[in-house]
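Novice: Would you mind keeping the following structure in view while I ask a few things?
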Amino acid sequence: MSAMTQIRETFRRDQVWSFLQPAQASVDVSKDILLYVEDLNVSFDGFKAINNLNLYINDGELRCLIGANGAGKTTLMDIITGKTEPDSGSVWFGQTHNLLEQDEAAIAHLGIGRKFQKPTVFEEHTVFTNLELSLKTNKAVLPTLFARLSTQQKARIQEVLDTIGLSEQQDQMAGSLSHGQKQWLEIGMLLASDSRLLLVDEPVAGMTAEETERTAELLTSLAGKHTVVVVEHDMAFVRSIARTVTVLHQGSVLAEGTMDEIQANPDVIEVYLGEDPEGEAA
Amino acid sequence: MRLSPSSWFKRSGEPGAVVAPFVGLLLLVTLFASVGNLLFTEGSVFHVSTYTITLLGKYLCYAMLALAVDVVWGYCGILSLGHAAFFALGGYGMGMYLMRQIGDRGVYGNPILPDFMVFLNWEQLPWYWFGFDHFGFALLMALLVPGLLAFVFGWLAFRSRVTGVYLSIMTQALTYALMLAFFRNEMGFGGNNGLTDFKDILGFDLQSDTTRVALFAITAFCLSLTLLASHAIMTSRFGKVIIALRDTESRSRFLGYRTERYKVWLFVYSAVVAALAGALYVPQIGIINPGEFAPLNSIEVVIWVAIGGRGTLVGAVLGALLVNYAKTRLTAIFPDAWLFALGALFVLVTLFLPKGLIGMAGQWRARRQSGQHQNQSVEGQS
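Residue numbers (the UniProt record's numbering), protein chains in the order written: chain A, 1 to 282; chain B, 1 to 382.
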């Protein structure tokens, strides 16, 4: 009898066998949550970089992550993008994609783009080529060998160039750009790749006040169409863009809420903001 | 992959843009040398001796090997110190065919077994020698076996993300291990004497002038083809990804490129080019022995590429031609001084010409252009 039940279960007509399901199925956000991070733990040589961390990112929101050095912000990004393997816990993209089972390239294909803390662009390529390589295309070896730019793709690159304000520099080597321009180009590369989730690590480090302001505008305009997670130290910048802020401390979430709530939170004041408010200002 | 002629001439100021003119020049020189050997008799101004033809053919094989190293080192940053292994394996593949072609004309007159096997009292041909009496099969194996070795080696190394100096040491170990293996008589490749005493190829006498010229011309043709193919690959989006991952591999990975696969296929391509060079080298030189696997050979190739200018294709070819010409001349005058000269050359190039001879030409042109700009602006002001 149990064999019969098992067979019935196996051949249920309302389900598709897992190995027959397309691997690149669209991201299921029917619960309005794009990224689920649950009970995550990572330690490096006994140091707990991530400690029982839980984090949910809604689809289309702009979220800021703040926290002192060593709070686990960059490690968290490494785990989401597949660079680091956690000791335990789960990370799901939508409801159907388990990110811990996939490598960096597959995760990028799903639509998670990442901007590094230190601007990382292809210095030996022109700005245009940098964007060309970032486009959302088939990135297997043979299709890439015979790839040619279509008119739509060219138009898309121009569009991104306009958005990041580097149209005039498109034929320049990326290595000759200023620090701020490199940061912009890297954000542009995420845009060109049509990533659904943008993980942006310290986007305004080393930028002038004016550049910072334009970056803030850009990131706010991206939210909605994309989901943006920003890691930043610059509190003024966070205040200017943030709707929801998550404070990390020693590898776990300390508080979550609007900027005002965060600033009023006694725990946060104690461990982060309150350390030396005057020092921050100076 | 862009194959339209316009892309070959594009960006004329940059290194690598001279591929098409260079190939034209190469084919022209080949034509003149061939005609000079076959049509003009000795004593004529246009006469080219058969010795020179064979020497040129050898240089071109080395140039193709340098091209193979440049493709992985210059464009992808994989410093292979073992490319002579693929070259030698290709050579052995061709050598086995030529060995079977000797037939019963060997010293022992055995129609099946090569001389060294008779000498070792072997009764029959080892299984891996079967089929090598067919030229097509032998050529296929000469390219396939090195390609397969490169695939397995590259797959293991790049998947484990081995890079830099560790990878170089591993390639060095690979060629050294193969050298030791091929030195053993039991391997069935002629031990330290290698394969030699070749008589003919596809029925043509290897000693005749016509065959020599034909081999030289085929080598020049193959070099041109690989040069154009490499240029097409490197200007395609695949090539752009290769350069991108050389500079920041993690960034390429986070953009969705499986970088290890790109590296493996580039490495396989490079190995096949090296093997083709080896297969063309052996009938012209007339011998292949385990000495070709020597680690020093692979290091010498890297020096040719560095001198010519890495990441420029044409630079690697030029470097190989110039250094080998210098070697031929210098070893004739001071046989002992050559290695010192090579070492000194390498140090000087590394210190003063980081981009090699091609890079120097680029710098010189840039300086002349900026000089002209200054002159113009001065004239404009006055």
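Built from N, CA and C at the ideal position, the CB exists for glycine as well.
These numbers come from a predicted model, not from an experiment.
Output, in chain order, the set of chain A residues within a Cβ distance shorter than 7 Å of V48/B.
Specialist: Here the premise fails: no neighbours, minimum Cβ distance about 40 Å.
Novice: Does T74/A get closer than 8 Å to chain B when you measure Cβ to Cβ?
Specialist: no
Novice: A66/B and W304/B: beta carbons closer than 8 Å?
Specialist: yes
Novice: Grab me the residues of residue 283/A's own chain with a C-beta within less than 7 Å of its C-beta, minus the 5 sequence neighbours each way, in chain order.
Specialist: With chain A represented from 1 up to 282, any question about residue 283/A goes unanswered, as that position is not in the structure.
Novice: Would you say W265/B reaches chain A, if we count a Cβ-Cβ gap shorter than 8 Å as a contact?
Specialist: yes
Novice: Give me the DSSP bridge partner(s) of A220/B.
Specialist: DSSP output for A220/B lists no bridge partner at all.
Novice: Does any residue of chain A have a CB that is nearer than 8 Å to the CB of I233/B?
Specialist: yes
Novice: Report the neighbours of S236/B on chain A: residues whose CB is nearer than 8 Å to its CB, in chain order.
Specialist: T144, L145, F146 and A147
Novice: What does the alpha-carbon distance come out to for the pair F132/B and S150/A?
Specialist: 47 Å
Novice: Secondary structure at K73/A, three-state DSSP: helix, strand or coil?
Specialist: helix
Novice: Hey, how far is the Cα of E189/A from the Cα of K327/B?
Specialist: Here residue 189/A turns out to be Met, not Glu, going by the sequence shown. About 49 Å.
Novice: Can you name the start and end residues of the beta strand (DSSP E) that A198/B belongs to?
Specialist: Reading off the sequence, residue 198/B comes out as Phe, not Ala. F198/B -> no beta strand (DSSP E), and no H or E assigned at all.
Novice: Checking contacts by CB at 8 Å: is R114/A closer than that to chain B?
Specialist: yes
Novice: According to DSSP, is G257/A part of a helix, a strand, or is it coil?
Specialist: strand
Novice: Exposed or buried, what is K118/A when buried is set at 16 or more other beta-carbons lying within 10 Å of its beta-carbon?
Specialist: exposed
Novice: Please name the residue, chosen from F182/B, L178/B and D200/B, that lies closest to D104/B on a Cα-to-Cα basis.
Specialist: D200/B
Novice: In terms of residues, what are the limits of the alpha helix (DSSP H) holding H83/B?
Specialist: H83 to I102
Novice: Say whether chain B places a C-beta atom closer than 8 Å to the C-beta of D14/A.
Specialist: no
Novice: Based on Cα-Cα distance, which residue from N54/A, S30/A and L20/A lies nearest to residue 356/A?
Specialist: This structure leaves residue 356/A out entirely; chain A is present only between 1 and 282.
Novice: Under the rule that 16 or more other beta-carbon atoms within 10 Å means buried, what is G362/B, buried or exposed?
Specialist: buried
Novice: Should M99/B go down as buried or exposed, given a rule of 16 or more other Cβ atoms within 10 Å for buried?
Specialist: buried
Novice: Decide if Q95/A is buried, meaning its Cβ has at least 16 other Cβ atoms within 10 Å, or exposed.
Specialist: exposed
Novice: 8 Å is my cut-off, CB to CB: does E256/A come that close to chain B?
Specialist: Not one chain B Cβ lies under 8 Å of E256/A.
Novice: State the CB to CB distance for the pair E292/B and G91/B, rounded to an integer number of angstroms; the pair is presumed to be in contact (CB under 8 Å).
Specialist: 6 Å
Novice: Between K263/B and F151/B, is the Cβ-Cβ spacing less than 8 Å?
Specialist: no
Novice: With contact counted as at least three CB pairs below 8 Å, one residue from each stretch, are the region 137-156 of chain B and the region 264-284 of chain B in contact?
Specialist: Of all C-beta pairs linking the region 137-156 of chain B to the region 264-284 of chain B, three or more are shorter than 8 Å, placing the two stretches in contact.
Novice: Please report the residue range of the alpha helix (DSSP H) in which R329/B lies.
Specialist: V314 to I333
Novice: Compute the distance between the beta-carbons of V200/A and V160/A, then report whether it is under 8 Å.
Specialist: With respect to the 8 Å criterion, V200/A and V160/A are not classified as neighbours on the basis of their beta carbons.
Novice: Looking only at its own chain, which residues have a Cβ that is under 7 Å from the Cβ of L185/A, when we skip the five neighbours before and after it?
Specialist: V121, V127, N130, I164, L166, A174 and L177
Novice: By Cβ distance below 6 Å, which residues in the same chain neighbour E280/A in space, the five residues on each side in sequence not counted?
Specialist: Here E280/A scores only 43 on pLDDT, less than 50, and its place in the model should not be relied on; the value that follows carries that caveat. Leaving aside the five residues that flank E280/A on each side, none in its chain has a CB nearer than 6 Å to its CB.
Novice: Applying the criterion that 16 or more other CB atoms from any shown protein chain within 10 Å of the CB defines a buried residue, is F130/B buried or exposed?
Specialist: With fewer than 16 other Cβ atoms within 10 Å, it is exposed.
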